[in-house]
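J.: Handing you this structure, nothing more for now.
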Amino acid sequence: MKTIILRTASDFLLPVLLLFSVFILLRGHYLPGGGFIGGLVASIAFVLDAFANGLENTKKLLKIHPGFLMPFGLVISAVAAISPIIFTGQPIMTGLWANDPIPVIGSIGSALFFDTGVYLIVIGASLTIIFTISESA
Amino acid sequence: MLIAVLLGFIFALSILVIGKFIKGKQSWLSTLIPLSLLAYFSSFIPQVSRGEIIQQTYTWIPSFNVELSFQLDGLSLLFSLMITGIGTLVFAYTSAYLKGHEFLDRFYAYLSMFMGAMLGLVLSDNLISMFVFWELTSISSFYLIGFNNASLASRKSALTALGITGMGGLLFLGGAVLLGDVAGTFSISEMIGMSEEITTHSAYVLIAILFFGAAFSKSAQFPFHFWLPGAMKAPTPVSTYLHSATMVKAGVYLLLRFTPILGNTEFWNSTLIIVGGVTMLYSAIHIIFRTDLKGILAYSTISALGILVFLIGLGTQEALIACLVFIIVHALYKASLFLITGIIDHETGTRDITQLAGLRKVLMPVAVAGFLAALISGGVPPTFGFIGKDLIYEAGLNWGSFTWLLIGAALLTKILLYYAGFVAGVKPFMGSLPASFENVHLPEKRLWVPPLLLVSLGVLLGFVPHLAEDALIAPGIEVLMTSTETFHLKLWHGFNTALILSLVTIGIGTLLYFVLIPSHKKENFIGKFEVISPKNIVLKTTEGFSAFSSLWTNFFQNGFLRHYVATIIGFLCLVLGYLIFSNFNLRLDYSSFSKLTIYEVAIIVMMITAIFFTVFSKSRLAAVASMGIVGFAFCLLFLFYSAPDLAMTQFSVDTLTVILFVLVLYRLPKYLRLSKNVLRIEHGILSVFFGALMTILVLKVLQEPVNAEITNYYAQNAYLLAKGKNVVNVILVDFRGIDTLIETCVLIVAALGVFGLLKLRLKTRDKK
Chain A
1 MKTIILRTAS DFLLPVLLLF SVFILLRGHY LPGGGFIGGL VASIAFVLDA
51 FANGLENTKK LLKIHPGFLM PFGLVISAVA AISPIIFTGQ PIMTGLWAND
101 PIPVIGSIGS ALFFDTGVYL IVIGASLTII FTISESA
Chain B
1 MLIAVLLGFI FALSILVIGK FIKGKQSWLS TLIPLSLLAY FSSFIPQVSR
51 GEIIQQTYTW IPSFNVELSF QLDGLSLLFS LMITGIGTLV FAYTSAYLKG
101 HEFLDRFYAY LSMFMGAMLG LVLSDNLISM FVFWELTSIS SFYLIGFNNA
151 SLASRKSALT ALGITGMGGL LFLGGAVLLG DVAGTFSISE MIGMSEEITT
201 HSAYVLIAIL FFGAAFSKSA QFPFHFWLPG AMKAPTPVST YLHSATMVKA
251 GVYLLLRFTP ILGNTEFWNS TLIIVGGVTM LYSAIHIIFR TDLKGILAYS
301 TISALGILVF LIGLGTQEAL IACLVFIIVH ALYKASLFLI TGIIDHETGT
351 RDITQLAGLR KVLMPVAVAG FLAALISGGV PPTFGFIGKD LIYEAGLNWG
401 SFTWLLIGAA LLTKILLYYA GFVAGVKPFM GSLPASFENV HLPEKRLWVP
451 PLLLVSLGVL LGFVPHLAED ALIAPGIEVL MTSTETFHLK LWHGFNTALI
501 LSLVTIGIGT LLYFVLIPSH KKENFIGKFE VISPKNIVLK TTEGFSAFSS
551 LWTNFFQNGF LRHYVATIIG FLCLVLGYLI FSNFNLRLDY SSFSKLTIYE
601 VAIIVMMITA IFFTVFSKSR LAAVASMGIV GFAFCLLFLF YSAPDLAMTQ
651 FSVDTLTVIL FVLVLYRLPK YLRLSKNVLR IEHGILSVFF GALMTILVLK
701 VLQEPVNAEI TNYYAQNAYL LAKGKNVVNV ILVDFRGIDT LIETCVLIVA
751 ALGVFGLLKL RLKTRDKK
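Residue numbers (the UniProt record's numbering), protein chains in the order written: chain A, 1 to 137; chain B, 1 to 768.
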């Protein structure tokens, strides 16, 4: 499926889709979106790239195996979950929030980090599954 | 006290880490751990003997009322001293016994983990933390029995022991939760005052049965006793420590600890008397037929445990004193007999009593220890064992009813135990030394000093029984009884029936020792009854279970995915259909339905067309693509009904699913063979039926009044508590964040599973 049209389009689509996925992740707390959907969109972006340029090239682009995103994301989520215990002595998963919102990103809180963890795990897990299956097919 | 309990665990972990570097050198240094604990607990003796109770509480899981609260009273002090005292000797003994063993560090780790768990168990004042430590003792016992993990028998015994004690642990948990529910607290010391309410509660019998199950399985009472002889596959220090002196007494401890709370009812007393009585007689008789020294000791341990349970069942002050004294006596002599057996095994390489003889000529100090241990075990005056035995007879004589039955059972058991003590402690050293043992020489001190120390203590306490009485027995009894009379332990009680019984025991026991010579013929004879033994019945039952489950699995897990789906949906149809049609009242209120719009109709037509295309398509790829269309149509529906989050997720998931399918199916050939028409019609009917059921179900749900409480709660609090306006996302990352965390873990496991399965297969294919 290596057509010139798709390849050219995907070169532009990949960054745009990734940016879009981050956008979805960040807006999740107020508007439809969130880490799970954002992660899926990001992995679709990579899969599209793999269709256009071949799996090997996408892998090169990623530098590391997507599987490594999973433990990384899990650590972020887990730390966000237990951070109230460490910092303020409140029960696990209590939301901690910074006082002032930051431009572009919005309010920063433990929930955002938690969602970022979910985002990375979803990318890692779905890409691992798809890459593995497409390699063995 | 928390540190004291945790020390064992800390040491266990650290030795696993640093053990690699020290390679078993200076392993005797580990003896310092139990020794320091022994000193620590001994320092409480003056306080406890004044009747003080030391309590320390640390919060653990406050939201569940679980705390690490430790209580040191007479009873727990007695057990703590026993655990650390015998622990010290066993640690020292092990450093010589397993010298140079490859996994010595691991062994010490298990052993000290066990010590920590056992201390936690006897010190816990909270039922739940007590349960946790209870389970930890079972687990460390499993590791220790299976220590020789290269031997099949050892692994099997470990599994049997874990199965039985683990089942007991489960019963304990049930009992603990139920009791906590009835009493309204998990604190044992708070329950003491509620004894009357608890024993008259309707759940009392169930609680008692659950606790019995736990105690009987742990303390190897009939019919759960069979794991203990199997546990003798463990190295001898383990048998000494866990399976005679401490862990198996955990069940006895449990019964003692709950005697003031659950005891003093007819049910409690008679069950304990019967089970304890049957156990002590059954296993005492078994002793006659054994030729392996450890086998003899295992059965005599079970029998002694039976006596303890029997005494708790009698429940009078005399009986409980006898019980406490006998716990000490038994720990002293049985631990030394085990240690002696270990030395004999270590030096001669056999434990077969028919071959061992004359070892006194080469192992003199061991022979002395063995002889004294036999005297204590047989209750020969002036040892501490005599006081123990005397008390047992007196408790039986003064109980009131069935006196002669009780006394007869106790007498027979005691005679056989006397016999067992002499066979294990004296027989190997008597007679002439066989030529094959002439090279045997006395091992290092760390092996033979511990048993000698133990038996000297046993003899010494016979002369000065008030030492044990002031420090341990009197404070212990105060814990067990609400009102106590003064009593004194002494060697000479005057000329009474108990004394005559004692003399009869010694006389017949000695006679038996000379008449009954252990032989393999006898062992083979009892082997014939193995078929109807509880062990065999349980093992056969478990075999039956696995046979049944493999039949079951083969029937349902036949490898055809379509078969699985059909089975699941078919079963669901049956259950749902029954539920719906057994109580069918569907009143449709058409006016409440929103009007069908033109684009909804369009989507539904699109969906149905796609479904028909999927079913009748002759190409895999086309079928998959049209399945995707069905999914996207669903997204549109979600969007129309204002669920953008769902729509977005469904859209991405569907895209990925189609891609996955395409990736897998891309290189497969076209359908070679379509399913048979009969099967297609069958599946068609099934799916139409299922769809109809789901539709009816949804309509019925609409008919129910909606409980908006939860919805409102989330809607109102999403911004207030979690600073989010998107309720769905707030639920995901905040209100039910733990669920999300666990779900992401599931996702990771699935990804790793796919990765592992396929990569593994790729590798094997590469090899070919």
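Every residue, glycine too, gets a C-beta built ideally from N, C-alpha and C.
(1) Is A:TYR30 helix, strand or coil by DSSP?
(2) Taking only the alpha-carbon atoms, compute the straight-line gap between B:LEU89 and B:LEU38 and give it to the nearest angstrom.
(3) In whole angstroms, give me the CA-to-CA distance for A:GLY95 and B:PHE133.
(4) Compare the Cα-Cα distances from B:ASP402 to each of B:PHE487, B:ILE273, B:GLY628 and report the closest residue.
(5) Pull up the distance between the alpha-carbon of B:LEU686 and that of B:LEU656, whole angstroms please.
(6) Closer than 8 Å is the cut-off here; do at least three beta carbon pairs connect the stretch 186-204 of chain B with the stretch 112-130 of chain B?
(7) Name the one or two DSSP bridge partners that B:ASN126 has.
(8) Listed in chain order, which residues of the stretch 14-43 of chain A have Cβ atoms closer than 9 Å to some Cβ of chain B?
(9) Hey, does B:THR740 have any beta-carbon neighbour from chain A nearer than 8 Å?
(10) Between the alpha carbons of B:LYS361 and B:LEU442, how many angstroms are there, rounded?
(11) Rounding to the nearest angstrom, what Cα-Cα distance links B:GLU318 and B:GLY349 in this structure?
(12) Expressed to the nearest angstrom, what Euclidean distance is found between the alpha-carbon atoms of A:THR88 and B:MET1?
(13) Distance, Cα to Cα, B:SER336 vs B:ALA367?
(14) Using the rule of at least 16 other Cβ atoms within 10 Å of the residue's Cβ for burial, across every protein chain shown, is B:SER69 buried or exposed?
(15) Considering only the alpha carbon of each residue, which of B:TYR641, B:ALA622, B:HIS563 lies closest to B:GLU600?
(16) In this structure, how does DSSP classify B:TYR58 when only helix, strand and coil are distinguished?
(17) Take the Cβ of B:PHE632 as the centre, count every other Cβ of all protein chains shown within 10 Å, and call the residue buried at 16 or more, exposed below.
(18) Within 8 Å (strictly less), CB to CB, does A:THR8 reach chain B?
(19) Which residue comes first and which comes last in the beta strand (DSSP E) that contains residue 772 of chain B?
(20) Looking only at C-alpha atoms, which of B:PHE386, B:VAL275, B:ALA610, B:ARG562 sits nearest to B:LEU311?
(21) What whole-angstrom Cβ distance do B:VAL205 and B:VAL252 have, given they're in contact under 8 Å?
(22) Could you check if B:TRP227 is buried or exposed, using at least 16 other CB atoms within 10 Å of its CB as the buried criterion?
(23) Using the C-alpha atoms, what's the distance from B:LEU159 back to A:PRO101?
(24) When the Cα atoms are used, what is the spatial distance from B:GLU347 to B:ILE15?
(25) In the DSSP assignment, what residue or residues form a beta bridge with B:ASP292?
(26) Use the C-beta contact count for B:HIS524: other C-beta atoms within 10 angstroms, 16 or more gives buried, fewer gives exposed.
(27) Would you say A:PRO32 and B:MET648 are within 8 Å of each other, going by their C-beta atoms?
(28) Helix, strand or coil: how does DSSP classify A:SER97 here?
(29) Under 8 Å between C-beta atoms, does A:SER83 make it to chain B?
(30) Can you name the residues of chain B whose CB is closer than 7 Å to the CB of A:GLY109?
(31) Tell me the residue span of the alpha helix (DSSP H) that contains B:ARG680.
(32) In the DSSP assignment, the alpha helix (DSSP H) including B:GLY544 goes from what residue to what residue?
(33) Going along chain D, which residues have a C-beta under 7 Å from B:PHE755?
(34) Mind checking whether A:MET70 and A:GLY124 have CB atoms under 8 Å apart?
(35) State yes or no: is the beta carbon of A:LEU61 nearer than 8 Å to at least one beta carbon in chain B?
(36) Short check: CB of B:GLY388 to CB of B:VAL329, under 8 Å?
T.: Based on what the coordinates show:
(1) Taking the first sequence and counting its residues from 1, the one referred to as residue 30 of chain A is at position 30. Three-state result, A:TYR30: coil.
(2) One-based indexing of the second sequence puts residue 89 of chain B at position 89. One-based indexing of the second sequence puts residue 38 of chain B at position 38. Rounded to the nearest angstrom, the two C-alpha atoms are 11 Å apart.
(3) Here residue 95 of chain A is taken as the residue at index 95 of the first sequence, counted from 1. Here residue 133 of chain B is taken as the residue at index 133 of the second sequence, counted from 1. Looking at the two C-alpha atoms, the distance is approximately 34 Å.
(4) What you label residue 402 of chain B is simply residue 402 of the second sequence in a count that begins at 1. The question names Asp, but residue 402 of chain B in the sequence shown is Phe. Closest by alpha carbon: B:ILE273.
(5) To locate residue 686 of chain B, count along the second sequence from 1; it is residue 686. To locate residue 656 of chain B, count along the second sequence from 1; it is residue 656. If you take the alpha carbons of B:LEU686 and B:LEU656, they lie about 28 Å apart.
(6) yes
(7) To locate residue 126 of chain B, count along the second sequence from 1; it is residue 126. B:SER187.
(8) ILE24, ARG27, GLY28, HIS29, TYR30, LEU31, PRO32, GLY33, GLY34, GLY35, PHE36, ILE37, GLY39, LEU40, VAL41, SER43
(9) Here residue 740 of chain B corresponds to residue number 740 of the second sequence, with the count starting at 1. Yes, contact with chain A.
(10) Residue 361 of chain B sits at position 361 when you count from the first residue of the second sequence. Residue 442 of chain B sits at position 442 when you count from the first residue of the second sequence. Each residue's alpha carbon lies about 10 Å from the other.
(11) Along the second sequence, one-based indexing puts residue 318 of chain B at 318. Along the second sequence, one-based indexing puts residue 349 of chain B at 349. Distance between B:GLU318 and B:GLY349, taken at the CA atoms: about 44 Å.
(12) Taking the first residue of the first sequence as position 1, residue 88 of chain A is located at position 88. Taking the first residue of the second sequence as position 1, residue 1 of chain B is located at position 1. One C-alpha to the other measures close to 28 Å.
(13) Within the second sequence, the letter at position 336 stands for residue 336 of chain B. Within the second sequence, the letter at position 367 stands for residue 367 of chain B. As the crow flies, the alpha-carbon of B:SER336 is around 11 Å from that of B:ALA367.
(14) Taking the first residue of the second sequence as 1, we reach residue 69 of chain B at position 69. Counting Cβ neighbours within 10 Å, B:SER69 comes out buried, since at least 16 surround it.
(15) Within the second sequence, residue 600 of chain B is the residue found at index 600, counting from 1. When each option's Cα is compared against that of B:GLU600, the closest is B:TYR641.
(16) To locate residue 58 of chain B, count along the second sequence from 1; it is residue 58. Correct three-state label for B:TYR58: strand.
(17) Counted from its first residue, the second sequence places residue 632 of chain B at position 632. Looking at its Cβ environment, which holds 16 or more other Cβ atoms inside 10 Å, B:PHE632 is buried.
(18) Here residue 8 of chain A is taken as the residue at index 8 of the first sequence, counted from 1. Under the Cβ criterion of 8 Å, A:THR8 is not counted among the residues facing chain B.
(19) Beyond the ends of chain B as shown, which are 1 and 768, falls residue 772 of chain B; an answer cannot be given.
(20) Counted from its first residue, the second sequence places residue 311 of chain B at position 311. When each option's Cα is compared against that of B:LEU311, the closest is B:VAL275.
(21) Position 205 of the second sequence, counting from 1, holds the residue named residue 205 of chain B. Position 252 of the second sequence, counting from 1, holds the residue named residue 252 of chain B. With a Cβ gap of about 21 Å, B:VAL205 and B:VAL252 do not count as contacting.
(22) Here residue 227 of chain B refers to the residue found at position 227 of the second sequence. Buried: at least 16 other Cβ atoms inside 10 Å.
(23) If you number the first sequence from 1, residue 101 of chain A lands on position 101. If you number the second sequence from 1, residue 159 of chain B lands on position 159. Roughly 58 Å separates the two Cα atoms.
(24) Start at 1 with the first residue of the second sequence, and residue 347 of chain B comes out as number 347. Start at 1 with the first residue of the second sequence, and residue 15 of chain B comes out as number 15. Whole-angstrom Cα-Cα distance: 28 Å.
(25) Position 292 of the second sequence, counting from 1, holds the residue named residue 292 of chain B. B:ASP352, per the DSSP bridge assignment.
(26) Residue 524 of chain B sits at position 524 when you count from the first residue of the second sequence. Rather than His, the amino acid found at residue 524 of chain B in this sequence is Asn. Exposed is the label assigned to B:ASN524, since fewer than 16 other Cβ atoms lie within 10 Å of its Cβ.
(27) Counting from 1 along the first sequence, the entry for residue 32 of chain A is found at position 32. Counting from 1 along the second sequence, the entry for residue 648 of chain B is found at position 648. Taking 8 Å as the Cβ cut-off, A:PRO32 and B:MET648 qualify as a contacting pair.
(28) For this step, residue 97 of chain A is matched to residue 97 along the first sequence. Ser is not the amino acid found at residue 97 of chain A; the sequence shown has Trp there. If DSSP states are grouped into helix, strand and coil, A:TRP97 belongs with the strands.
(29) Within the first sequence, numbered from 1, the residue matching residue 83 of chain A stands at position 83. Residue-level contact check: A:SER83 does not touch chain B, since none of the beta carbons of chain B fall below 8 Å from its beta carbon.
(30) Residue numbering aside, residue 109 of chain A sits at position 109 when the first sequence is read from its first letter. Simply LYS723.
(31) One-based indexing of the second sequence puts residue 680 of chain B at position 680. Membership of B:ARG680 in the alpha helix (DSSP H) is indicated by the continuous run 677-703.
(32) Here residue 544 of chain B refers to the residue found at position 544 when the second sequence is read from its first residue. Segment 534-556, the alpha helix (DSSP H) holding B:GLY544.
(33) In the structure shown, chain D does not exist; the protein chains are A and B.
(34) Within the first sequence, residue 70 of chain A is the residue found at index 70, counting from 1. Within the first sequence, residue 124 of chain A is the residue found at index 124, counting from 1. Cβ atoms of A:MET70 and A:GLY124: closer than 8 Å.
(35) Here residue 61 of chain A refers to the residue found at position 61 of the first sequence. Not closer than 8 Å to any Cβ of chain B, the Cβ of A:LEU61 fails to qualify, so no.
(36) The residue labelled residue 388 of chain B in the question sits at position 388 within the second sequence. The residue labelled residue 329 of chain B in the question sits at position 329 within the second sequence. Contact flag set, yes.
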